[in-house]
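Asker:
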Amino acid sequence: MKRIFITLLLLLLLAAGIFSQDMNQRAVILYLEGSVDISRNGDYLDWADVDMGTEIENYDLIETGSDGYVEIEVSTPVSPGVTLKIQPDTTFYYDTKKVSGSTKTSFQLLAGSMGMKVQKLYNDSELDIQVNNSVMGVRGTEFMVTSTVDGSTLVTTTEGRVSCKNDAGEEWFSTPGTVCQTTDNGQYREVAVAVDQVESYRVNWQKERIDILRSNLSVSLNHYTELYNNYYNRFDRSWRNLESKDDIFQKWAGYIMNGNRPSMSEAVLSKQSVSREIMELRSVLPIFQHTFYVLEELGKAYNEGYGQNISRQRKTLLNHYFDNYRETRRRLTKSLFYFRIYLEMGKRITNSDYNTEGLLDVTSGSNMLMGPPTPNAPF
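Note that the sequence shown covers residues 0 to 378 in numbering that gives the first Met the number 0.
Dropping the structure here:
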């Protein structure tokens, strides 16, 4: 299973005055096969409730197994539809908010690969996608973004054109016949690949990155066990503080399920009572979540016999990760539920669907991602 971290940030910018009456987005499963699970509000839905036509809600965690595949259509105000093609062994969720007449949707791909088909955009609307430290401009395109656990990224396009820009404003293009991929120093480069060879190229590229990772596994383990050691206690503390307010979140979940609208005063008091704990969560969740999923893949390679020369301290931290894996995963999932309810409280206070807060707005620091390791780097 290829465990990666990648953030797809969709900025759906509306032309002035267009669709002012209906800014809502809707995500629904179009097709699925194999093992597909949805975690909602901290609990997994019954398998019978996950089928074609199932609506995907904000902060639902979608997981596909080794035989799983699912297509999800996200209807937006700027396009007739954005189709997500979620590959096997993939985990992701999304959040959405509305700010100053624009809809902002962030897709967080925690593991695996995601393809995307964007239909023609309305009028002069724009669709930009941010992947790690680069920005992609899309204009009616079908493409796939693949990233490996070391932070490497590959963009393959079968229709249209995807513009890839880094923080310095440098630009590369992925088109049919040309892919964009990161180099060992984290920069993009264009590579000519015949259209009928794109899929085999992608598979070989993934294998090469995994082989390099394994040969340098102790470097990655040293880095991520250090991150785990630095952030586990912070996450654990923020989680316990939130869990102590679980009755408030459950009460609000009941309001939402039954379509009730509590008073403004109750909304204000509820939000004030959990705001400090939510802010603590926002400060640590992105980087800890990333670390958790990366260590899952690194740990599998370690158990296969790679990277055995790490120190005893690192081995102790890795064992702590495995011993607490199931409970930590549950807490990470439930954290998404808490944040979703918190946003609903904010909507009631403002009496609108507009939110300026988003879980993925929090930056986690430049030391979060290692970047692609150099082949044959010393351990």
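Where a beta carbon is used, it is the ideal one built from N, C-alpha and C, also for glycine.
Would DSSP call residue 188 helix, strand or coil?
Answerer: In the three-state scheme derived from DSSP, where H, G and I count as helix and E and B as strand, residue 188 is classed as strand.
Asker: Where does residue 116 sit, in a helix, a strand or coil, going by DSSP?
Answerer: strand
Asker: Closest to residue 248 by CA distance: which of 225, 110, 231, 276 is it?
Answerer: 276
Asker: Are the segment 61-69 and the segment 22-37 in contact at 8 Å, needing three or more beta carbon pairs?
Answerer: Yes, the segment 61-69 is in contact with the segment 22-37.
Asker: So residue 84 and residue 51 are in contact, right, with Cβ under 8 Å, and what is the actual spacing, rounded?
Answerer: 15 Å between Cβ atoms; not a contact.
Asker: Alpha carbon to alpha carbon, what distance is there between residue 261 and residue 148?
Answerer: 44 Å
Asker: Count the other C-beta atoms from every protein chain shown that fall within 10 angstroms of the C-beta of residue 46, then say buried if there are 16 or more, exposed otherwise.
Answerer: Exposed is the call here.
Asker: Considering only the alpha carbon of each residue, which of 284, 321, 173, 291 lies closest to residue 302?
Answerer: 321
Asker: In three-state terms, what does DSSP make of residue 51?
Answerer: coil
Asker: Have a look at 343, 190, 169 and flag the residue whose alpha-carbon is nearest the alpha-carbon of residue 263.
Answerer: 343
Asker: Determine the burial state of residue 155: buried for a count of at least 16 other Cβ atoms within 10 Å of its Cβ, exposed for fewer.
Answerer: buried
Asker: Need the endpoints of the beta strand (DSSP E) that residue 62 sits in, please.
Answerer: 60-63
Asker: Quick check on DSSP: helix, strand or coil for residue 148?
Answerer: coil
Asker: Taking the alpha-carbon positions, what's the residue 269 to residue 241 distance?
Answerer: Looking at the backbone, the Cα of residue 269 and that of residue 241 are separated by about 13 Å.
Asker: For the segment 275-295 and the segment 253-260, state whether three or more C-beta atom pairs, one from each stretch, are separated by less than 8 Å.
Answerer: no
Asker: From the DSSP output, which residues share a beta bridge with residue 27?
Answerer: Its beta-bridge partners are 54, 72.
Asker: Determine whether the beta carbon atoms of residue 381 and residue 181 lie at a separation below 7 Å.
Answerer: Missing from the structure shown is residue 381; the chain here goes from 0 to 378 and no further.
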